[in-house]
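Engineer: One structure, as structure tokens, below. Some questions next.
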Amino acid sequence: MRSNKVSAASETRLIEVGVVDERSKKKHNKIKTSKYTLLMFIPKNLMEQFRRVVNFYFLIVTVIAVVIDSPVSPFTSIAPLSFMVLVTAVKQGYEDWLRHKADNKVNNQIVETVHKGVINEVRNSSIAPGTLVRVKRGKEVPADLVLLCSAGEKGKCYVTTANLDGETNLKTLRVPPPLVGYTPDIFPQGMRIEIPHPVPDLYTFYGRLEIPGLDSLALTTDNLMLRGSRVKNTEWAIGCAIYTGEETKLALNSKYSGNKFSSCESAVNTFLGVFIVLLVVEMFVSLAAKMIIDRKNPERDIYLGDSGSNSVTVGSVLQDLFSFLLLYYYIIPMSLYVTIELYKFIGALFIGWDEDLRCEETGRPAIANTSDLNEELGQVQVLFSDKTGTLTKNLMVFKACTIKGHIYEEKDSSLYDMERFEEAVDASQTDIKFFFTILALCHSVQVSNEDMKKLSAKLSGSGNMQLMNFFRRKKLQKTNGNDNGVIDNITWNTIINENGSHMDYQGSSPDEKALVEAADRVGVTFLGEEGNNLLLKVGEITEIYERLQIIEFTSERKRMSVVIRDKNGKIWLFCKGAESSVFPICKDTVLIEDTNRDINTFANKGLRTLAIAYREIPAEEYEKVTEGIKKLDGKSAEALQQVTQLYRVLERQLTLVGATAVEDCLQDGVAETLASLRRAGIKTWVLTGDKVETAINVAQSCSHISENDRRLFLIGVEDDVALQAHLDVCYRTIHEPSYRDLTLIVDGTSMSCILDTPAAPKFVDISLKCNAVLCCRLSPIQKAKIVKLIKNSSERPITAAIGDGANDISMIQEAHVGFGIFGKEGHQAARSADFAFTKFAMVKKVLLVMGHWYYTRLTTLIHYFFYKNLVLGNIMILFQIHSAFSTQSIYDSMYLTFYNLVFTSVPCLVLSVTEQRWPSDLLMKNPTLYREITNNKLMSWSHFSAWCFAALYHSLVIYAFSKLTFGFSILHFDGKCADLWTFGAILFHLMLLIVSLKLWLQARYQTLVFVLSVLLSFIVYVAFNTIYSLFYFQVDGDVLGTYIRLLTSAAFGLLNLLVVVATLAPDFCVRLVSDKWGQRHLKTEDRPSPTSAVFSTRL
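What follows is the structure in structure tokens.
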């Protein structure tokens, strides 16, 4: 690879076709998405895991347990930490193994390269810039290639880009005109391609092809074969590799844009911080108490011997301090994070398994691209939605048009003048014919390959050699008695009818396809293209136009133009686009006012409109532009972009012809869904590029806004003074007492004055007090900026964004939660989103049901983890009080080791993936239940404190009842009292029983799996403890026979019953009151009975 030394860092690259520079081999085509190698997996994974603060904390505690004279076995710290690290490592290792497997499959694929006219088979990874690659029909393009040659004489290659953006329509790529007809063995020597550095935008490419002896030629996206696209309807195509490996657009678009974190994570971190502070306080208070007790009770040395308590040293203080740390640190739930990860991973699978989220037509299931945001579905407060393809079907139907101030409406494939609706108008009128001729020429629609073949076969039997030559991809030559570009009348209707009633068009834009099909119905039929020649049938006459240039549509320009030459040699520019973009470049005539009036009429009916204009370009002006392009040196990225920009100077002083109106049908269930979201307290913003009137009409029809709403307008504001005046009016309005809902309607011009200005906070304050917001005439970047503005506002609402097109990706990725729709314009939005499904109506269940379940499950899991560990820690502290803070553990180390690891882990994990606070149908019928969980209500300090209070109460009851029962009485018929390890076994048994029953009581949705997990976990404990006490295992103390004696003790059985009643009776009463209170707003027929709500068991 060579580069022009224009600056220290060259803006472009120069690649010699068919020549691979040694330096270019470093830019091989190898794809690497894996993170680890076999050698570095263990050190790298351990380093990543212990970078997490919690893991590092437990590592430090484990080291302390090994180093000091620990009151408990170091195994109690080593085993859980090792298990947690091992589970995470296995999960991450398995995921990386899958990535390695996918990488190897891609990198080792056999592809064909061409070198000096010889075809060689090589591995995909060996392709480098400059390599000539041949791609056969049905095969994927292995790298980003510039198309140089294709089968046949037509110089075209058809591809689909489903792997890139999900679009299945055929896209036509073209060989640069000077190379049409060439084969690899006769390519001109010394060809070079100049390109800019790679960018991820799929729809942006500009470059230059230098052919010795010829003028350099501009390259566009029409010449670029993207990696991941698939060749169709073309036997083979040959291209020169320009971007390979990680530099391809596919790889650049596959890179993760950034991490998103749920609001629950911050709450968990806060709770952990509080518990760490509590742990430190307990450690120092216990240390101080121990020192005071030792100092005030010197007489105990007579019995215990000299303990050296009167001589305080640094070593003794640290020994005691760290001993208390090892006794109390169990209040920090070690396995919380790994359990949450498992819950999220399993929970995300339920989205794909849900049959209600599966598309009935295609069978496509919903997809969770990430499992980190499951619970955030229950916290959404503001939903930003695209309109076209999201709220609507993106299925365009031509309805009407305005031509020279007259409105025509289509009915039964005929045009009717709205002023004289009795009979259809004659479509051969000059103005009407010219209008639809523009529609048939100004587009990027393709005729289906099958239609081209059929039509060619029919024409070959008609004897018309000119048409046969055209469809055989030969240039049309002038013949005697024939105007250039016009073909004599033939029996078109017969041929077309035999081929089918109408042509089958394929286009990436449904709008364009609808307009070309409408032109076909009124007698102006686009029959296809050959190179730069376009074939049109107007009535019974067939005409050929030469396309000189396409000025592409962009979201900034909001219009597209085509420059063509007709049969008389005249050059025309045809333009279509949004009226806000087309009117300013048109001549100032009365027709603009008439057309704008008609466009408003269409918009009020909810129709999408495009303005149509044209201009005849003098040959001298066009030559001047082309000469200016030739003078560009192309030595910078900006100069290469100027090729297209120079053509834009032709878009001036256009003559307006009229406008089109197409209808985009609403998706099923949109109105019901938006109404439910409003009842759920979710504010919905619709962000669209449509005209204000169109957007308002559609928003009303889909129940986004109501006719009874009080509307605030920020339309057409262009300066700060007007903006401040409008904002003041809106501010006064929202503070006026009113029973009506507020709706804010704002356009892109006004948003330009608001975004990134001091007026933004006031706008946010106004908008968040409105129930619905409608933003019109927005660009994609404005959508993302609006989402960011609201997300980062002082109220910090949880935002979600939903869209179906590539232009919605920035908005989807900016929001806290991104939803993608598998749309007609492609699947790129769905692939870039956090969650994806096929219909907007599915967002109702995703938020109101799945979101509710995910959030309540996670909060229960988090609260329960802190609760059960706090019970354990409290009992440990209570024993320290009774043992003069001796740093003696009341629990055997084996109990501490398996408490979180085995005895309590499975039931809470099972509950976290099965719990349903309310059933699905009840949540769907009562959207207001969603309000009860937003703003992270269940993770509030009041709920957390209630669980902590329950833990304190339960630990006090367990310890007090056990102390009173066995502190001064015999345990068994053998007359022996309870010793230290027996007392510890009693406390641990009761604690495990209570925390297990507490979890069971907490469950609203009793499944057989969950009930069995609770029972089996406790049975496993009983079996373990029985075996453990049958044999002599010297871990901490002598537990031989302790648990066996407990199981045969009547007093112990009675104690179990008393403790269960004393601890859980208040919880049961609170549960009944809570359920009754939670059902207060539900419909009577929807309320489950208290008995079924508490004790129902479902499989």
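Residue numbers (this note's numbering): 74 to 1172.
Cβ atoms here follow ideal geometry from the backbone N, Cα and C, with glycine treated the same way.
As the structure is a prediction and not an experimental result, all values here were calculated from the model.
#1: Decide if residue 726 is buried, meaning its Cβ has at least 16 other Cβ atoms within 10 Å, or exposed.
#2: Name, in chain order, the residues that DSSP records as bridge partners for residue 41.
#3: If you follow the alpha helix (DSSP H) that residue 875 is part of, which residue opens it and which one closes it?
#4: Nearest by alpha-carbon distance to residue 966: which of 1110, 826 and 981 is it?
#5: Confirm, please, whether the CB-CB distance from residue 132 to residue 154 is below 8 Å.
#6: Beta-carbon separation of residue 230 and residue 310 under 8 Å?
#7: Please classify residue 889: is it buried, with 16 or more other beta-carbons within 10 angstroms of its beta-carbon, or exposed?
#8: Taking 7 Å as the limit between beta carbons, can you name the residues of its chain near residue 946, skipping five residues before and five after?
#9: When you compare the CB positions of residue 1129 and residue 408, do they come within less than 8 Å of one another, or not?
#10: Keeping to the same chain, check which residues put their C-beta closer than 7 Å to that of residue 176; ignore five residues upstream and five downstream.
#11: Would you report the Cα separation of residue 1152 and residue 936, rounded to the nearest angstrom?
#12: Quick check: the Cα distance between residue 916 and residue 474, rounded to an integer number of angstroms?
#13: Here's a check: name, in chain order, each residue in its chain whose Cβ is nearer than 7 Å to the Cβ of residue 352, leaving out the five neighbours to either side.
#14: Considering only DSSP beta bridges, list what residue 650 is partnered with.
#15: Is the region 263 to 271 touching the region 283 to 292 in the sense that three or more CB pairs, one from each, lie closer than 8 Å?
#16: If I'm right that residue 958 touches residue 389 with Cβ under 8 Å, what's the distance once you round it to whole angstroms?
#17: Using a threshold of 8 Å, state whether the C-beta atoms of residue 482 and residue 469 are closer than that.
#18: Thinking C-beta only, is residue 856 closer than 8 Å to residue 760?
#19: To the nearest whole angstrom, what separates the beta carbons of residue 764 and residue 682, a pair I think is in contact under 8 Å?
#20: Assign residue 991 to one of three DSSP states: helix, strand, or coil.
#21: Here's a check: name, in chain order, each residue in its chain whose Cβ is nearer than 6 Å to the Cβ of residue 1136, leaving out the five neighbours to either side.
#22: Given this structure, state the Cα-to-Cα distance separating residue 1025 from residue 934, to the nearest angstrom.
#23: Could you name each continuous alpha helix (DSSP H) segment of 4 residues or more that falls completely within the region 267 to 329, going from the start of the chain to the end?
#24: Which residues mark the beginning and the end of the beta strand (DSSP E) in which residue 618 is found?
#25: Less than 8 Å separating the beta-carbons of residue 314 and residue 480?
#26: Tell me whether the region 988 to 1008 and the region 1075 to 1091 touch, counting them as touching only if at least three CB pairs, one residue from each stretch, are closer than 8 Å.
#27: Return yes when the Cβ of residue 796 is within less than 8 Å of the Cβ of residue 827, no when it is not.
#28: Go to residue 492, then tell me how far its alpha helix (DSSP H) extends in each direction, as first and last residue.
#29: Alpha carbon to alpha carbon, how far is residue 968 from residue 1061? Give it in angstroms, no decimals.
#30: Residue 958 by DSSP, collapsed to three states: which one?
#31: Let's see if you can read the secondary structure: which residues bound the alpha helix (DSSP H) around residue 133?
#32: The alpha helix (DSSP H) spanning residue 355 covers which residue range?
#33: Just how far apart, CA to CA, sit residue 498 and residue 735?
#34: Grouping DSSP H, G and I as helix and E and B as strand, with all else coil, what is residue 779?
#35: In this structure, how does DSSP classify residue 732 when only helix, strand and coil are distinguished?
#36: I need the boundaries of the alpha helix (DSSP H) containing residue 480, first residue and last residue.
Structural biologist: In terms of the structure at hand:
#1: exposed
#2: The question about residue 41 has no answer here: the residues shown for the chain are numbered 74 through 1172.
#3: Per DSSP, residue 875 belongs to no alpha helix (DSSP H); it is in the beta strand (DSSP E), 872 to 876.
#4: 1110
#5: yes
#6: yes
#7: buried
#8: 401, 403 and 404
#9: no
#10: 104, 105, 106 and 107
#11: 23 Å
#12: 35 Å
#13: 401, 402, 404 and 405
#14: 632 and 684
#15: yes
#16: The Cβ separation is near 13 Å, so there is no contact.
#17: no
#18: yes
#19: 6 Å
#20: coil
#21: 1027, 1030 and 1067
#22: 18 Å
#23: 322 to 327
#24: 614 to 624
#25: no
#26: yes
#27: yes
#28: From DSSP, residue 492 is part of no alpha helix (DSSP H); its letter is neither H nor E.
#29: 8 Å
#30: coil
#31: 126 to 140
#32: 336 to 369
#33: 19 Å
#34: coil
#35: strand
#36: Residue 480 -> not in any alpha helix (DSSP H); beta strand (DSSP E) instead, spanning 479 to 484.
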